[in-house]
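With the numbering used here as the guide, the letters of the sequence shown map in order to residues 2 to 356.
Below is one structure; the comments refer to it alone.
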Amino acid sequence: MASLLAKWSRFLTIIKQNGGIRGSIVMLFRTDELKDGTLVGEDYLGNKYYKNDRYFLGRNRWVVYGNRFGWDYEGSQIPPEWHRWLHYMTDETPIQNPPERHSWMLDHQENRTLEESAKYVPYSTTKPKMNEVRLPPSAYQTIVTHALSQEREEIIGLLCGEVCSSYIQIYTAIPFRRITHLKDRVEVADEDMILGSQKSDELGKRLGQNLCVLGWYHSHPHITVHPSDQDIRTQALYEKLNGNFFGLIVSVFDNDDANKQQTISMACFRSNKEPVKLIIEPTSAITRVNDYYTACMETWRSIPRVLLDEISNESDDCARFTKMLQFRETIIFPMTTTCESLDKHGVLSFNISHS
């Protein structure tokens with residue numbers, strides 16, 4: 002009976018010390034517990050410090066923050082002199098033994114980072130993904146020429162550029178041979194990925210800019226420009242290497258039933274399926290124009306070499322001969338005619354045979 006009376010008496014003491022029934026409910030809401038103890042002092046911020054050695058070490062000293070802080074409060078509101086006592090650095094309170102003041106000591110300042118006007122917002126270290134890609138006409142020409150070289154199978158290549166403040170600037174497209182010859186799937190060899198990075202570095206040195214491989218392109222012959230599930234999976238793998246990496250699809254030989262003609266469509270995509278804006282326009286960032294023009298023509302002229310490498314790996318002699326005839330009609334003749342026309346007007350001064 003005596004123990005029950007003692008507990009009841011202590012309960013009433015706790016309720017009284019915490020401001021009655023209403024104050025106890027508020028204290029439970031703020032601290033999740035109710036305690037009773039001896040008030041040992043109060044700082045200039047209105048925080049009250051209590052002690053009760055009946056509690057276990059680590060819980061026998063505590064602070065009740067002043068109501069002027071509202072619901073948002075933190076330990077940094079405690080002045081350093083009371084911080085020493087609260088964390089058992091000393092057993093004497095600042096009232097019993099006031100700390101000695103030195104000229105080099107700074108005054109305590111309240112932490113106001115929880116206030117809306119001074120709230121601390123951490124800066125994200127994750128770079129935002131660029132949702133705009135700018136493609137020069139020279140790279141567009143290389144991509145379309147490469148795509149038109151195969152009507153029944155997809156082609157593939159890499160895109161070299163740099164990340165600008167709010168967009169990705171592509172400088173050139175690098176065609177590569179395929180390791181698969183399927184209508185709905187295309188892959189590039191790992192060694193070609195390394196070679197693409199090397200070519201990108203070389204171009205960057207020639208142009209005096211920091212370039213790298215930032216995207217890949219492939220064709221969709223006779224189908225729409227929308228990425229397939231396989232395209233999304235491939236793009237997701239590339240994004241693990243570089244968060245800004247994007248994919249570009251060029252749809253060729255796709256019939257427009259309304260106009261009774263074939264159309265060429267081009268679009269960029271990412272694995273999260275968020276829209277990526279594609280702008281085809283000349284870039285003004287080039288300072289070494291002659292070097293850039295030479296590099297663009299080299300990548301365009303590399304298309305026949307890439308296709309010849311694929312044909313030479315054909316095991317069937319009959320199929321290889323057939324593809325050589327198609328190659329001559331669809332690639333060699335059109336590109337030679339284009340080069341002759343450019344050379345005739347003084348724009349070009351090289352021979353396609355160097356390819």
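All residues carry an ideal CB built from backbone N, CA and C; glycine is no exception.
Bear in mind that the values here come from a model prediction, so they are computed numbers and not experimental data.
Query	Result
So, using beta-carbon positions, are isoleucine 175 and glycine 162 closer together than 8 Å?	no
Touch check for the segment 142-156 and the segment 323-336: three-plus C-beta pairs under 8 Å?	yes
In chain order, what residues of the same chain lie with their CB nearer than 7 Å to the CB of methionine 325, ignoring the 5 residues before and after it?	Ile312
One question on the structure: do leucine 278 and glutamate 133 come within less than 8 Å of each other, judged by their Cβ atoms?	The displayed chain sequence assigns lysine, not leucine, to residue 278. In this structure, glutamate 133 lies closer than 8 Å to lysine 278 by Cβ.
Please state the DSSP three-state secondary structure of valine 226.	coil
Residues in its own chain within less than 6 Å of arginine 207 by CB, not counting five upstream and five downstream?	Asp292
Classify valine 134 as helix, strand or coil using the three-state DSSP reduction.	strand
Do you know offhand how far lysine 8's Cα is from glycine 24's?	20 Å
Tell me which same chain residues have a C-beta within less than 8 Å of the C-beta of arginine 11, skipping the five on either side of it?	Asp37
Just to confirm the assignment, what range does the beta strand (DSSP E) spanning valine 251 have?	247-257
Between the segment 55-69 and the segment 93-112, can you find at least three pairs of beta-carbon atoms closer than 8 Å?	no
Alpha carbon to alpha carbon, how far is glutamine 18 from serine 104?	40 Å
My output table needs one value for arginine 62: the three-state DSSP class, helix, strand or coil.	strand
Decide yes or no for the touch test of the segment 303-318 against the segment 256-275: beta carbon pairs closer than 8 Å, at least 3 of them.	no
Going straight from the alpha carbon of serine 350 to that of threonine 337, what length do you get?	For serine 350, the predicted model reports a pLDDT of 49, less than 50, meaning its position is unreliable and no value from the coordinates is stated.
Alpha carbon to alpha carbon, how far is glutamate 315 from glutamine 327? Give it in angstroms, no decimals.	14 Å
Here's the rule I'm using: 16 or more other beta-carbon atoms within 10 Å means buried, otherwise exposed. How should phenylalanine 30 be labelled?	exposed
With a cut-off of 8 Å on the beta carbons, I'd call leucine 215 and asparagine 245 a contact; round off their distance for me.	6 Å
Please check the pair threonine 173 and threonine 300, which I expect to be a contact at CB under 8 Å, by giving their CB distance rounded to whole angstroms.	5 Å
Can proline 276 be considered in contact with the ligand ADP, in the sense that its beta carbon sits closer than 7 Å to one or more heavy atoms?	Annotation note on the ligand ADP: not contained in the displayed structure, which lists no ligands.
What does the alpha-carbon distance come out to for the pair threonine 225 and aspartate 317?	31 Å
Is histidine 219 buried or exposed, if buried means 16 or more other CB atoms sit within 10 Å of its CB?	buried
If distances are taken between C-alpha atoms only, which option among Thr235, Ile16 and His88 comes closest to isoleucine 250?	Thr235
For serine 150, name the three-state secondary structure that DSSP assigns.	coil
Skipping 5 residues on each side, what residues in its chain have a beta carbon closer than 6 Å to that of glutamate 155?	Val187, His219 and Ser220
When DSSP labels each residue in this structure, what does tyrosine 50 get in the three-state scheme?	strand
DSSP three-state call for threonine 331: helix, strand or coil?	helix
Drop a sphere of 10 angstroms on the beta-carbon of glycine 47, count the other beta-carbons inside from all chains shown, and report buried for 16 or more, exposed for fewer.	exposed
Which residues in the same chain have their Cβ closer than 6 Å to the Cβ of serine 139, if we skip the five residues on either side of it in sequence?	Cys297
When DSSP labels each residue in this structure, what does threonine 173 get in the three-state scheme?	strand
For methionine 267, which residues in the same chain have their Cβ closer than 6 Å to its Cβ, ignoring the five residues on either side in sequence?	Val251
Nearest CA to the CA of proline 222: which residue from Glu192, Ser198, Asp230 and Phe254?	Phe254
Count the other CB atoms, across all protein chains shown, that sit within 10 Å of the CB of threonine 295; report buried if there are 16 or more and exposed otherwise.	exposed
Measure from the alpha carbon of proline 276 to the alpha carbon of each residue in Arg289, Asn243, Asn256 and Gly248, then state which is nearest.	Gly248
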